[in-house]
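Trainee:
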Amino acid sequence: EDVRGLRGRQFNEDAGPMSHPIRPESYISMDNFYTATVYSKGAEVIRMYQTILTRAGFRKGMDLYFERHDGGAVTCDDFRSAMADANGVNLDQFALWYSTPG
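Sequential numbering of the sequence shown, starting at 1, is according to full-length UniProt numbering.
1. Going by the CB atoms, is the gap between A95 and L64 shorter than 9 Å?
2. With V45 as the anchor, note down where its alpha helix (DSSP H) starts and where it stops.
3. Identify which residue in A82, K60, S40, R59 has its Cα closest to the Cα of H69.
4. Assign R80 to one of two classes, buried (16 or more other C-beta atoms within 10 Å of its C-beta) or exposed (fewer than that).
5. Which of the three DSSP states is assigned to A73 in this structure?
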């Protein structure tokens with residue numbers, strides 16, 4: 001069910017002329033900013049962190065993320081850095097998931 005929903009929303013958007021990265025460099029207006037790409041694909045990228053790092057490693061990363069940023073403004077890079085630092089791994093390749101359309 002979840003995969004079918006993702007395919008129906010996300011894959012169509014990624015294949016069309018409105019394809020954009022999770023974190024667009026610019027936008028025309030806020031009403032076209034919050035799309036399936038931002039929500040569904042963004043959630044899938046976070047799930048990939050958990051799969052790669054294991055539940056325990058993901059939890060360590062979340063703990064460090066909140067320790068560093070609780071109550072403040074953050075970026076996708078802040079999240080990636082906390083996950084990497086907490087687990088002693090290089091997650092630089094994840095930056096491409098945020099900046100590449102499709």
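Heads up, the beta-carbon is just placed ideally off N, CA and C, and yes, glycines get one too.
Mentor: In terms of the structure at hand:
1. Counting from 1 along the sequence shown, the entry for residue 64 is found at position 64. Counting from 1 along the sequence shown, the entry for residue 95 is found at position 95. Their beta carbons are not under 9 Å apart, which means L64 does not touch A95 by this criterion.
2. As a position in the sequence shown, residue 45 is number 45, starting the count at 1. Where V45 is concerned, the enclosing alpha helix (DSSP H) stretches over 42-69.
3. Here the question's residue 69 lines up with position 69 in the sequence shown. It is A82.
4. For the purposes of this step, residue 80 is taken as the residue at position 80 of the sequence shown. By the neighbour-count rule (16 or more Cβ atoms within 10 Å), R80 is buried.
5. As a first step, residue 73 is located in the sequence shown; it is residue number 73 there, counting from the start. A73: coil per DSSP, three-state reduction.
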